[in-house]
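Chains as they are written, first to last, in my numbering: chain Z, 15 to 319; chain G, 15 to 319; chain S, 15 to 319; chain P, 15 to 319.
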């Protein structure tokens with residue numbers, strides 16, 4: 015049976031993303047220790063896919079994900095999933111807030127709940143845990159070490175805790191975006207609400223170089239929804255850009271832009287076209303529609319009858 | 015035998031342009047009264063081609079040429095020719111400068127020689143002539159009316175005048191650019207020193223509209239060598255642009271730009287690709303060469319093996 | 015009394031433009047033979063101003079005007095005027111159409127009426143005249159030479175002709191745009207419906223150079239209403255651009271763009287800001303208004319309290 | 015005495031950055047639990063400055079830093095510092111590699127050393143620690159819980175460990191960039207090797223919106239060295255951009271671009287100009303130099319003598 019690697023253990027936000035992915039149904043989910051291991055499983059073929067965080071992760075690894083996608087050949091994103099970041103205060107059944115002196119929590123999750131903790135548990139001690147699930151598991155495995163845990167709201171599926179408080183995170187709208195990565199080279203079919211992920215290295219460092227690259231999108235009416243520059247360790251002072259654009263490689267304007275981009279820079283990594291998590295359709299000006307592309311081509315073909 | 019229409023009579027600068035055109039050898043040259051008549055001969059098929067002035071004409075009609083090319087369907091330029099504008103003072107043999115009291119000259123040619131005339135013939139009278147050849151012909155047909163004529167330096171091929179002074183024009187570097195226009199839809203073969211003429215109507219009047227159009231060229235490394243806006247009489251406040259770009263439609267970057275232009279504006283008139291009069295090759299950055307176009311296409315075709 | 019030079023004689027379209035100019039009232043109007051003479055009168059101070067054709071002239075000289083404005087220092091446009099190009103067939107009172115065998119006409123005007131003449135006077139002869147007024151005058155001065163004349167519709171103010179037919183020109187919407195040129199360096203006050211004329215030489219010949227220049231306007235929301243490239247005789251292969259932009263130098267966005275242009279190219283000629291002939295106000299996106307300029311400056315000034 | 019807050023405890027990479035900052039000499043260094051607390055200390059005035067990670071942090075918080083800088087008013091960066099990310103394997107003196115069964119490590123640091131650990135310690139257990147210093151401290155505080163720790167190479171300044179192996183991190187060139195943040199509104203003096211940090215919200219979501227913004231830099235010859243889009247939680251589908259540009263607000267071109275940016279978007283946060291960590295001077299094309307700015311202004315001032 016096919017395997018999907020993810021940042022484990024069971025109960026992490028990454029696993030929550032897997033539960034949103036139709037592609038993951040009926041496959042074996044393999045928890046691994048970090049993003050690189052997950053992607054290496056895919057690259058070596060030992061797993062069919064990996065679910066990794068690509069934006070706003072509180073479990074770490076976003077820039078590692080981006081750098082790995084840029085440098086590990088043969089990877090393709092086939093879907094994206096957005097998971098709200100919500101934390102609970104969980105205890106062994108029977109424990110009350112007043113009994114909580116030591117709190118088990120992954121250091122990053124701990125940092126996300128500081129304001130609530132200052133207000134509700136001003137005098138607790140913090141016991142670091144290696145994951146947002148390990149913190150809850152500790153309550154049963156080492157009951158003498160911690161009285162409560164910060165965990166995702168879904169923790170009860172893994173550990174028989176009692177949830178004392180929900181939504182204790184400081185930022186009520188935090189969410190992490192995940193990508194399902196494979197080595198498939200066929201593309202998910204076009205849905206009209208797709209995005210395409212590209213990584214491009216500028217051919218030279220000069221003012222306006224980034225703008226010249228973005229012109230490839232602007233002259234085709236293509237919107238960017240994400241851009242991040244990443245320094246290239248081997249070439250100090252040079253950058254690659256990780257970008258999400260609206261549209262599918264099978265949209266004529268996207269194919270045209272990707273070709274233009276490849277001419278502009280020999281270092282383009284196409285990381286896939288796939289339905290975006292936000293279900294609203296991509297808004298395309300008619301001037302950049304497939305119809306206009308076809309019409310212009312037809313006109314062009316008549317120029318030399 | 016095939017006919018070529020031109021602004022006559024024999025002896026005009028337009029005829030001088032015909033003498034530069036290999037395509038014109040062995041064909042019948044038909045003098046007509048103006049640019050529109052010449053183009054109408056082509057459009058109706060009564061002539062194979064027309065030679066018309068497209069830049070800096072002193073015989074009139076450049077904006078008329080541009081407007082006609084924009085609005086008369088089915089025309090194509092197959093060659094361009096540059097003729098230096100040089101005038102002589104011609105007389106009937108035996109006449110001396112001191113004898114010259116009345117000067118026959120086309121009004122525009124007359125305007126081009128004012129400084130020389132002020133210096134050398136301060137007290138002459140001007141008799142307008144209908145062309146730069148008619149002025150010389152008058153010396154023989156109506157000897158009582160004029161004593162000298164302003165004519166092209168080549169006039170002795172038509173009229174047995176004596177040339178008293180050469181290069182009497184105020185501007186020593188003036189030159190007119192001519193185009194040979196047909197209805198052929200096959201293109202002259204690519205030479206590496208070609209230009210392409212286009213007329214484009216902007217889809218809407220807005221700041222940046224022209225720049226958005228020119229981006230189609232800039233993002234493909236294509237140089238413009240001429241641009242002129244022309245008001246569109248039927249749409250006050252709107253413009254079309256007559257443009258010459260470096261390169262041939264068979265250059266991948268030019269084909270790509272013409273397609274982009276046609277998507278941007280539904281009103282594109284392709285007026286042909288043809289060798290430019292200046293024999294120097296078009297300088298193309300390698301990033302926009304046919305090789306890079308082919309390489310990018312090959313890369314693209316591998317994305318979905 | 016102050017003098018204004020214009021392309022004469024009385025009765026030309028250029029004189030019709032003078033009648034539209036409030037600045038011309040009460041001044042002496044001096045007819046001259048061509049555009050260069052008119053501008054030289056201004057430059058030397060012998061005239062206060064010159065009225066010259068700058069677009070679509072049928073009396074010649076538009077490119078000459080543009081080249082002169084680019085190369086003669088110290089000139090400024092203070093107003094523009096648009097004159098419809100309408101021609102009449104005029105005769106000595108009593109002459110009927112059937113009596114017309116020879117037609118006096120300036121060669122360019124003659125070319126503008128060809129279709130009407132083919133239909134109504136298929137068998138006439140053409141006698142060239144040196145101006146659109148001289149043609150009418152000939153009917154009285156040399157009645158044996160011509161039976162009718164092509165003249166502007168306003169001819170009866172100069173010559174006691176009878177007009178047999180009005181609006182005989184082929185193009186019913188033709189119009190010529192004129193500019194009133196001085197050496198004044200104060201600017202006509204801002205009216206909200208102004209234009210600014212600039213001539214710019216590109217600093218180097220390269221693809222995208224023109225676009226980089228036009229960005230100076232686009233990034234400030236400024237619309238171009240006219241652009242023409244003109245070859246620079248002294249620098250083969252290089253161009254200057256004559257441009258009209260919407261707005262007045264006293265508009266913050268125009269001042270900003272003119273400064274940007276001057277940094278981009280050391281060869282900028284500012285030819286003035288003046289009310290445009292079309293009376294509709296310039297449409298300015300609020301983002302480029304004086305208010306936003308002031309607001310941004312205020313914000314900027316607070317950055318280092 | 016003035017206080018500087020930093021992500022503690024003593025021994026973190028953030029503290030290593032403080033050691034590089036001349037501004038930090040002679041001040042009290044106050045360790046805090048996370049980036050938000052550090053910035054809040056500055057904003058409330060309880061600390062003079064905060065040192066925070068802004069790129070590639072392995073101690074977490076880069077996106078938190080960016081979002082905090084975007085939303086907490088009144089903050090200014092006055093310097094940046096780059097710290098190489100190097101880890102050691104540390105033990106209590108006398109322990110040998112063969113004795114190591116349990117390894118204390120911050121979860122993120124643990125992830126950075128996986129390959130080395132797989133090779134050298136394939137059978138260890140991981141005990142999570144709350145920081146890269148707490149891991150070493152554990153060896154002395156709770157010797158029964160862990161036999162070795164992953165810590166920065168500088169750990170011996172804090173804890174009397176023995177370092178068994180240096181540079182055990184997977185990525186030999188990893189480095190984190192830090193910023194020193196204050197509420198000062200005077201700027202560090204211009205050095206010729208400066209950068210400026212800006213956060214800009216696009217006024218509307220549309221294709222080309224980002225490019226229109228970047229044109230503000232490109233038309234002034236300004237290079238971007240970092241850009242990251244950040245979703246705006248309150249406005250789904252809209253983005254702000256965190257950008258580093260080369261140059262100082264006191265450079266004419268930078269001031270001009272910042273003004274242009276503010277007109278383009280009312281939501282601009284200026285986060286300061288300061289010497290960049292890389293000591294090489296900013297390369298400026300002469301066309302965008304202060305001299306050319308001054309020259310153009312002088313030319314402009316003469317237009318209306």
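Think of the CB as a built atom: it goes at the ideal place given N, C-alpha and C, for glycine as much as any other residue.
**Asked** What residues are listed by DSSP as bridge partners for residue 260 of chain S?
**Response** DSSP output for residue 260 of chain S lists S:209 as bridge partner(s).
**Prompt:** From what residue to what residue does the beta strand (DSSP E) around residue 238 of chain P run?
**Reply:** Here the beta strand (DSSP E) through residue 238 of chain P covers 238-245.
**Request:** Under 7 Å between beta-carbons, which chain G residues line up against residue 284 of chain Z? List them in chain order, please.
**Result:** The CB of residue 284 of chain Z comes closer than 7 Å to the CB of 317 in chain G, given here in chain order.
**Buried or exposed (CB count within 10 angstroms, at least 16 for buried), residue 223 of chain Z** = Classified as buried, residue 223 of chain Z has 16 or more neighbouring CB atoms from the shown chains inside 10 Å of its CB.
**Asked** When the distance is taken between beta carbons, is residue 243 of chain Z closer than 8 Å to residue 263 of chain Z?
**Response** No, these two residues do not count as a Cβ contact at 8 Å.
**Message:** Across the segment 104-114 of chain Z and the segment 155-162 of chain Z, are there enough close Cβ pairs to call them in contact, namely three or more that are closer than 8 Å?
**Reply:** For the pair of segments examined, the segment 104-114 of chain Z was found to touch the segment 155-162 of chain Z: the number of CB pairs separated by less than 8 Å reaches three.
**Item:** residue 227 of chain S (DSSP reduced to helix, strand or coil)
**Value:** Reduced to three states, the DSSP call for residue 227 of chain S is helix.
**Request:** Look up residue 36 of chain S in the DSSP assignment and say whether it is helix, strand or coil.
**Result:** In this structure, residue 36 of chain S counts as helix in the three-state DSSP scheme.
**Message:** Going by the DSSP bridge assignment, what does residue 255 of chain Z pair with across the sheet?
**Reply:** Answer is Z:214 and Z:243, bridged to residue 255 of chain Z.
**Item:** According to DSSP, residues forming a beta bridge with residue 93 of chain G
**Value:** According to DSSP, which records beta bridges pairwise, residue 93 of chain G is partnered with G:194.
**Asked** Candidates G:248, G:197 and G:192: which alpha carbon is nearest residue 21 of chain G's?
**Response** Relative to the Cα of residue 21 of chain G, the nearest Cα in the group G:248, G:197 and G:192 belongs to G:192.
**Prompt:** Which residues in the same chain have their Cβ closer than 7 Å to the Cβ of residue 196 of chain P, if we skip the five residues on either side of it in sequence?
**Reply:** A distance below 7 Å between beta-carbons, with the five flanking residues on each side excluded, links residue 196 of chain P to the following residues of its chain, in chain order: 56, 62, 63, 90 and 92.
**Near-chain P residues of the segment 221-248 of chain S - C-beta to any C-beta below 9 Å** = Contact annotation: in the segment 221-248 of chain S, residues whose CB is within less than 9 Å of a CB in chain P are 226, 229, 230, 232, 233 and 234.
**Asked** Are the segment 268-286 of chain Z and the segment 207-218 of chain Z touching, with three or more C-beta to C-beta distances below 8 Å?
**Response** Enough Cβ pairs lie closer than 8 Å, so yes.
**Under the three-state DSSP convention, the category residue 22 of chain G falls into** = Looking at residue 22 of chain G - three-state DSSP - the assignment turns out to be coil, as it is neither helix nor strand.
**Message:** For residue 186 of chain Z and residue 241 of chain Z, I'd like the C-alpha separation in whole angstroms.
**Reply:** CA-CA distance, residue 186 of chain Z to residue 241 of chain Z, rounds to 24 Å.
**Candidates Z:268, Z:146, Z:136 and Z:33, of which the one nearest residue 95 of chain Z by Cα** = Residue 95 of chain Z has its Cα closest to that of Z:33, out of Z:268, Z:146, Z:136 and Z:33.
**Request:** Could you tell me which chain S residues have their CB closer than 7 Å to the CB of residue 369 of chain G, listed as they occur along the chain?
**Result:** The first residue shown for chain G is 15 and the last is 319, placing residue 369 of chain G beyond what the model contains.
**Item:** Where residue 307 of chain G meets chain Z, residues with beta-carbon distance less than 8 Å
**Value:** Result: 277.
**Item:** Straight-line gap, residue 106 of chain S to residue 148 of chain S (C-alpha atoms, nearest Å)
**Value:** Taking the straight line from one Cα to the other gives about 14 Å.
**Item:** Members of the segment 170-187 of chain S that neighbour chain G once the beta carbon cut-off is set at 9 Å
**Value:** Per Cβ criterion, the list reads 184, 185, 186 and 187.
**Prompt:** Is any beta-carbon of chain S found at less than 8 Å from that of residue 216 of chain P?
**Reply:** Cβ-Cβ to chain S under 8 Å: no for residue 216 of chain P.
**Asked** Of all the options G:25, G:24 and G:38, which has the alpha carbon lying nearest to the alpha carbon of residue 17 of chain G?
**Response** Looking only at G:25, G:24 and G:38, the smallest Cα-Cα distance to residue 17 of chain G is reached by G:38.
**Local conformation of residue 102 of chain S per DSSP, three classes** = Correct three-state label for residue 102 of chain S: strand.
**Message:** In whole angstroms, give me the CA-to-CA distance for residue 132 of chain P and residue 179 of chain Z.
**Reply:** Cα atoms of residue 132 of chain P and residue 179 of chain Z: separation of roughly 39 Å, rounded to the nearest angstrom.
**Request:** Taking C-beta pairs closer than 7 Å, name the residues in chain S that residue 143 of chain G reaches, listed in chain order.
**Result:** Listed by position along chain S, the residues whose Cβ is nearer than 7 Å to that of residue 143 of chain G are 142.
**Request:** Measuring alpha carbon to alpha carbon, tell me which of P:319, P:25, P:23 and P:271 ends up nearest residue 199 of chain S.
**Result:** Nearest C-alpha to residue 199 of chain S: P:319.
**Asked** Closest Cβ-Cβ distance between residue 47 of chain S and chain G: below 8 Å?
**Response** By this cut-off, residue 47 of chain S is an interface position.
**Message:** Considering only their Cβ atoms, is the gap separating residue 190 of chain G from residue 67 of chain G smaller than 8 Å?
**Reply:** Yes; because the gap between Cβ atoms is below 8 Å, this pair is in contact.
**Message:** By the three-class DSSP mapping on this structure, what secondary structure does residue 233 of chain P have?
**Reply:** DSSP, read as helix, strand or coil, puts residue 233 of chain P in coil.
**Request:** Let me know the secondary structure DSSP gives residue 59 of chain G once reduced to three states.
**Result:** In this structure, residue 59 of chain G counts as coil in the three-state DSSP scheme.
**Item:** Cα-Cα separation, residue 43 of chain G to residue 172 of chain G
**Value:** Roughly 15 Å between the two C-alpha positions.
**Prompt:** If you measure beta-carbon to beta-carbon, which residues of the segment 101-132 of chain S are closer than 7 Å to chain G?
**Reply:** Answer in chain order: 120, 121, 122, 125 and 128.
**Item:** For residue 164 of chain G, the three-state DSSP class (helix, strand or coil)
**Value:** In the three-state scheme derived from DSSP, where H, G and I count as helix and E and B as strand, residue 164 of chain G is classed as strand.
**Asked** Is the CB-CB distance between residue 104 of chain G and residue 150 of chain G below 8 Å?
**Response** Contact flag set, yes.
**Asked** Hey, residue 207 of chain Z and residue 87 of chain Z are a contact pair by Cβ (cut 8 Å); roughly how many whole angstroms apart?
**Response** About 28 Å separates the two Cβ atoms, so there is no contact after all.
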